[in-house]
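Please read the structure below before turning to the comments.
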Amino acid sequence: MSEVPHFVLYEHAAGYALMKVKEFEDAGLIVQEVDAAHADGYKFSQIVELASFDPFKNTEAALENCNSISEGLAHPDLTSFLQKSLPKKKKHVVLGINDSKLAGSLTEAFPDLKLVFGGVITEVKFDVHRVDNMVIQSIALLDQLDKDINLFGMRIREWYSYHYPELFRLAPDQYKYARLAVAILDRNKMAENENLENEILEILDNDAEKTAQVIEAARTSMGMDISDLDLENIKRFAARVSSLMEYRQQLHEYIKDRMDHCAPSLSALIGEQVGARLISHAGSLTNLAKYPASTVQILGAEKALFRALKTRSNTPKYGLLFHSSFIGKAGTKNKGRVSRYLANKCSIAARVDCFSETPVATYGEFLRQQVEDRLEYFTSGAVPKKNIDVMKEAEEAAVEVKEKVIKKKKKAAKKAKRLAEEAAIGATEAEAEVNEDAPKPKKKKKSKGGDE
1 MSEVPHFVLY EHAAGYALMK VKEFEDAGLI VQEVDAAHAD GYKFSQIVEL ASFDPFKNTE
61 AALENCNSIS EGLAHPDLTS FLQKSLPKKK KHVVLGINDS KLAGSLTEAF PDLKLVFGGV
121 ITEVKFDVHR VDNMVIQSIA LLDQLDKDIN LFGMRIREWY SYHYPELFRL APDQYKYARL
181 AVAILDRNKM AENENLENEI LEILDNDAEK TAQVIEAART SMGMDISDLD LENIKRFAAR
241 VSSLMEYRQQ LHEYIKDRMD HCAPSLSALI GEQVGARLIS HAGSLTNLAK YPASTVQILG
301 AEKALFRALK TRSNTPKYGL LFHSSFIGKA GTKNKGRVSR YLANKCSIAA RVDCFSETPV
361 ATYGEFLRQQ VEDRLEYFTS GAVPKKNIDV MKEAEEAAVE VKEKVIKKKK KAAKKAKRLA
421 EEAAIGATEA EAEVNEDAPK PKKKKKSKGG DE
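Residue numbers (the UniProt record's numbering): 1 to 452.
Structure follows, in structure tokens:
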């Protein structure tokens, strides 16, 4: 061990701590043992000891020092602390610093001090939005797909109705209409396809009566005959529209899965689509959690709000929350009350999801039951449970669910680690086999003339 004293500067929200390293080799080389020693106070004290500690005077001083550290600047409090705590002969002292920028600032203040930094990565900005940015993009894509599918579906109906106009009435659903157009195509050649009836039956969800009506209407249709080239273009376009509708369904499932991970309580309360639109309109889940309930209530109705304020008329009662099923269930007189109550619960659910380490849907389920009880109260007058009692029940239920989720995550992490190790071993063995099978280079024989 070197005789040069080694110190480590530790910056904390409570103050500055200067640690003296007892065993430099143990602290710097054997990383696994040091990590294990962190959990044991006695073992850790054998490696380093506290040389000096300087707490911040108040919260304002703590904030100033933390801001300076994040910017890589040496605060006067830090320089005075090091001046008092370090030995007077600083030429023979080594000080370990976490941040390279801070080390550069301290070098100017202490030119004789040897500063080292390495093996530590600068703090990375944490994405507080979690995965809600994916939700924002996905719900925007879903809305665009709905518009495109509606437009393309109407185009298919108008195009294919020249040949088979009766199908518009028999198959009002756009997805089924597009699939039927691809399956039937030329109604005059239906007899050539033996499996056509089974295909139509499958498309119409095994409705035999509707299938018979489609086949009979195709035989007696008053539509015009069109060329094979036109039918081929209709087929291609209808197939594209069908694939778009299938992708739209997959995207909906993806949004549901993302919302279950990002905002499970909000999703359980008002549904994944309305919840995703609220997050998208607010900009992030964090912004939505910061909004008061009054803002959440009219989120999405800003134009109507400003128009009402300008004309001094009644302000809107709801924005995006209008698409929730609770507003539709409420009576005309109680829609404003239900909207205000629902916005309150949405605000609570968003905050629970945003600031929970392990968000679960338990709180959202209890909040949803509260909204349903409030609807029942407006209808029949049945008094619902008190909010404090419901929240106690939700908290007890959430603890059990969180434990299960944490166990499941640990199990999945162990499985992924095991699979990664097996894959690494397999790759190593395969590489070893390749090296064994490779022909060894032959040694060159020395010429006799060279010995002379």
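Idealized CB from N, CA, C, for every residue including glycine. From a predicted model like this one, the values you see are computed outputs, not experimental measurements.
Span of the alpha helix (DSSP H), counted from its first residue to its last, around residue i
i, result
"H261", "228-262"
"S221", "Segment: none, S221 is in no alpha helix (DSSP H) and carries neither H nor E."
"D275", "Correcting the residue identity first, residue 275 is Gly in this sequence and not Asp. Per DSSP, G275 belongs to the alpha helix (DSSP H) from 272-282."
"S313", "Taken as a continuous stretch (DSSP letters only), S313 belongs to no alpha helix (DSSP H), as it is neither H nor E."
"R187", "Counting along the chain, R187 falls outside any alpha helix (DSSP H), and DSSP gives it neither H nor E."
"N287", "285-290"
"V293", "What sits at residue 293 in the sequence shown is Ala, not Val. Run containing A293: 293-297, per the alpha helix (DSSP H) assignment."
"L167", "167-170"
DSSP three-state assignment for residue i, whether helix, strand or coil
i, result
"E197", "helix"
"Y341", "helix"
"K410", "helix"
"E123", "Interpretation of E123 is limited by its pLDDT of 42, a score under 50 that renders its predicted location unreliable; the figure taken from the coordinates is listed afterwards. Note: E123 maps to coil in three-state DSSP."
"F110", "coil"
"K333", "coil"
"G104", "helix"
"L95", "strand"
"G319", "coil"
"T358", "coil"
"L29", "Any reading at L29 must be qualified, since the residue scores a pLDDT of 45, below 50, and its modelled position is unreliable; no value is offered."
"D373", "helix"
"E421", "helix"
"K386", "coil"
"G426", "helix"
"D173", "coil"
"A86", "It should be noted that the sequence gives Leu, not Ala, for residue 86. L86 falls in the coil class under three-state DSSP."
"L78", "helix"
"D207", "coil"
"A301", "coil"
"S325", "helix"
"Y363", "helix"
Buried versus exposed call for residue i [16 or more other C-beta atoms within 10 Å across all chains shown]
i, result
"N188", "exposed"
"F326", "buried"
"P264", "buried"
"T362", "buried"
"E272", "buried"
"Y377", "exposed"
"A432", "exposed"
"R307", "exposed"
"I184", "buried"
"P359", "buried"
"K414", "exposed"
"V128", "For V128, the predicted model reports a pLDDT of 40, less than 50, meaning its position is unreliable and no value from the coordinates is stated."
"V399", "exposed"
"N344", "buried"
"I121", "Residue confidence for I121 is low, a pLDDT of 41 falling below 50, so the modelled location carries little weight; the figure read from the coordinates is stated next. By the 10 Å Cβ count, I121 comes out exposed."
"N65", "buried"
"E123", "Low per-residue confidence applies at E123: pLDDT is 42, beneath 50, and the placement is therefore not dependable, though the value from the model is reported in the following sentence. By the neighbour-count rule (16 or more Cβ atoms within 10 Å), E123 is not buried but exposed."
"V296", "buried"
Where the beta strand (DSSP E) through residue i begins and ends
i, result
"S52", "48-55"
"M134", "From DSSP, M134 is part of no beta strand (DSSP E) but of the alpha helix (DSSP H) over 132-160."
"G72", "Taken as a continuous stretch (DSSP letters only), G72 belongs to no beta strand (DSSP E), as it is neither H nor E."
"E11", "6-11"
"G381", "Per DSSP, G381 belongs to no beta strand (DSSP E) and is neither H nor E."
"Y16", "15-21"
Rounded C-alpha distance that separates residue i from residue j
i, j, result
"G275", "G328", "17 angstroms"
"E246", "A293", "36 angstroms"
"L201", "R236", "22 angstroms"
"K310", "G153", "40 angstroms"
"A27", "N287", "Residue placement at A27 is flagged as unreliable, the pLDDT there being 42, under the threshold of 50; a coordinate-derived value is accordingly withheld."
"A349", "D389", "17 angstroms"
"G119", "A103", "Note on G119: pLDDT 43, under 50, position unreliable in the model; the coordinate value appears next. Their backbone Cα atoms lie some 14 angstroms apart in a straight line."
"P111", "L78", "15 angstroms"
"Y162", "L269", "46 angstroms"
"L142", "H252", "7 angstroms"
"I97", "G15", "15 angstroms"
"V8", "I69", "15 angstroms"
"Y177", "K256", "27 angstroms"
"M391", "C262", "21 angstroms"
"L229", "D186", "11 angstroms"
"L29", "D353", "No answer about L29 holds up, because its pLDDT of 45 lies below 50 and its placement is not dependable."
"A430", "I156", "55 angstroms"
"E396", "R277", "30 angstroms"
"R219", "Y254", "42 angstroms"
"F56", "L50", "17 angstroms"
"L95", "K88", "13 angstroms"
Near the ligand NAD: residue i beta-carbon under 7 angstroms from a heavy atom
i, result
"K386", "Of ligands this structure carries none, so the ligand NAD is not represented either."
Below-8 angstroms beta-carbon distance, residue i vs any chain B residue
i, result
"A263", "The displayed structure is made up of one protein chain only, and chain B is not part of it."
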